[in-house]
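Read the structure below first, then the notes.
Protein chains in written order, with the UniProt record's numbering: chain P, 1 to 79; chain D, 1 to 427.
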């Protein structure tokens, strides 16, 4: 498992009080992890802080699953 | 015929404990909820005492094995907990208890739309507001939590309770400083009388034992500063050594219900809300008018609303904050009671729990309902040397078993806002 995935999973588990087993690559924040729109705003802020990056709102709109977040962050970090 | 309003549920989270019965028991035993402030470092603060809620993690004299200690994790998950300031957490905890006590869990649409919420707070999410201001300064506007606003707005206590229990009736909130709790109960009772709802979850919640809260009240010379070494002695209404109020925190929530509605479902009835009076001093931002006229008028209007005589008031739970204003209020009560003053009974339960600001009036109304239920007046603790001359029994240091049919509860707030509630026994 990639290091980014692990760090993203940790944030998601912590912020959403989510069952770690459910926080998989494919897990949707809203459909699988019971997040609402404000939870996602907060999650994105936590990702920004953890990885010291900026995620603009129009990019954040496309981050719907754990995997989306990992891919976006990996891309951003390697850019 | 006018609709009558009765109290069918009580929920309390006070500095004496989490739960109505434990709070009431300790109150009658003459226990104090005061201690050194554990919420933050009080170095450089002129006042270092407060009445904190005892918690399982050791705050406020609580602990995992101490009865009545508050466990926030039993009320909200960590995820939900981060979205509310403590005053909302306290309101939710007390509302849960009150609704369970009333055995009212509306599930049909009809019952839900007829049940409303009116929970107020004096200051609301002061701790969250202060912390967020610091974060804004340190990290800039992009780092502010999306939950900042909904966690600190005063009416979100009513909002959260309505969402949690599916209560779709009037959703309202009172903000009248230290009179909030009493106004919330009085206003909610009127909504029921007027037909807007059959059941109202009403009361107040406060969590101002935070650095800016304590520093702010120190600055307006309202807090006790002479008893930092003896916290349990600090709140002493009517005593000659009193020198300011002791900050408390917590929530008091009542379930108010239309009498026939309560009777039809066989609900337990604590007392009836007989009268409610409101007034303004139009005098000073923090001090009461010197002749106590505003308080007197609120009491008189409550009496008129109740349609009874002042001689029928068996017990008065005074505002009695342990400040110089105690004497002003007492004179107004004497005038109000008239010939009954000679055999009158008045106590200030703030001596035990401190001043819960926006929650005070609701917690004290709950104590009044319990006084009627158990036929006993709670004591004014630490009243060792009264500096007031009065024929009234101030119930010093020891609870007083007595016949209690009708009671009055006074609450006055900064800005010169006054409320009085009269409750009566239901046979």
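Glycine is no exception: its CB is placed at the ideal position from the N, C-alpha and C atoms.
- Contacts with chain D at 7 Å (Cβ-Cβ) include residue 42(P).
- Separation of the CB atoms of residue 189(D) and residue 278(D) is rounded to 12 Å, and the pair is thereby denied contact status at 8 Å.
- For residue 152(D), none of the residues of chain P pass the 9 Å Cβ criterion, the least Cβ distance being about 14 Å.
- With contacts defined as CB atoms closer than 7 Å, residue 186(D) and residue 359(D) fail to qualify as a contacting pair.
- Under the rule that a run must span 3 or more residues, the beta strand (DSSP E) segments found entirely inside the stretch 254-313 of chain D read 271-280.
- In this model, residue 117(D) and residue 204(D) are separated by some 11 Å (Cα to Cα).
- At a beta-carbon threshold of 7 Å, the residues of chain D lying near residue 17(P) are 77, 78 and 79, ordered along the chain.
- Going by DSSP, residue 406(D) is part of the beta strand (DSSP E) stretching over 406-413.
- A contact between stretches requires three or more CB pairs, one per stretch, nearer than 8 Å, and the stretch 273-289 of chain D fails this requirement with the stretch 228-236 of chain D.
- Nearest to residue 211(D) by C-alpha distance, out of 47(D), 11(D), 399(D) and 61(D), is 47(D).
- Scanning chain D for C-beta atoms nearer than 7 Å to the C-beta of residue 38(P) yields 146 and 147, reported in chain order.
- When C-beta atoms of the stretch 160-168 of chain D are compared with those of the stretch 392-410 of chain D, fewer than three pairs fall below 8 Å, so the two segments do not count as touching.
- Residue 170(D) and residue 68(P) have their C-alpha atoms roughly 42 Å apart.
- Counting along the chain, residue 71(P) sits inside the alpha helix (DSSP H) bounded by residues 66-78.
- As the crow flies, the alpha-carbon of residue 135(D) is around 44 Å from that of residue 240(D).
- Put simply, the stretch 113-130 of chain D touches the stretch 173-187 of chain D. At least three CB pairs are less than 8 Å apart.
- If you ignore the 5 residues before and after residue 234(D), its C-beta comes within less than 7 Å of the C-beta of 34, 49, 224, 227 and 246, all in its own chain and listed in chain order.
- Residue 143(D) reaches chain P at 45, 48 and 49, counting residues in chain order whose Cβ is nearer than 9 Å.
- Closest in C-alpha terms to residue 382(D), from the list 238(D), 419(D) and 276(D), comes 238(D).
- Burial of residue 333(D) is indicated by the presence of at least 16 other C-beta atoms within 10 angstroms of its C-beta.
- Check the Cα spacing between residue 295(D) and each of 323(D), 312(D) and 329(D): the tightest is with 329(D).
- The three-state reading of DSSP puts residue 20(P) in helix, counting H, G and I together.
- At a Cβ-Cβ threshold of 7 Å, residue 63(D) and residue 18(D) do not count as neighbours.
- As a beta-bridge residue in DSSP terms, residue 345(D) pairs with 393(D).
- In terms of CA proximity to residue 124(D), 357(D) leads the group 402(D), 357(D) and 344(D).
- Your pair residue 258(D) and residue 198(D) checks out as a contact, with CB atoms roughly 5 Å apart and the cut at 8 Å.
- Annotation for residue 152(D): 85, 124, 125, 128 and 129 place their beta carbon closer than 7 Å to its own, counting only its chain and skipping 5 residues before and after.
- Ranked by Cα distance from residue 412(D), the first of 168(D), 299(D) and 306(D) is 299(D).
- Contact annotation: residue 201(D) and residue 95(D) have beta-carbon atoms nearer than 7 Å.
- In the DSSP assignment, residue 202(D) falls within the unbroken beta strand (DSSP E) covering 199-206.
- For residue 21(P), the number of other beta carbons within 10 angstroms of its own is below 16, and it is reported as exposed.
- Beta bridge pairing from DSSP links residue 4(P) with no other residue.
- Partner residues in a beta bridge of residue 69(D), as assigned by DSSP, do not exist.
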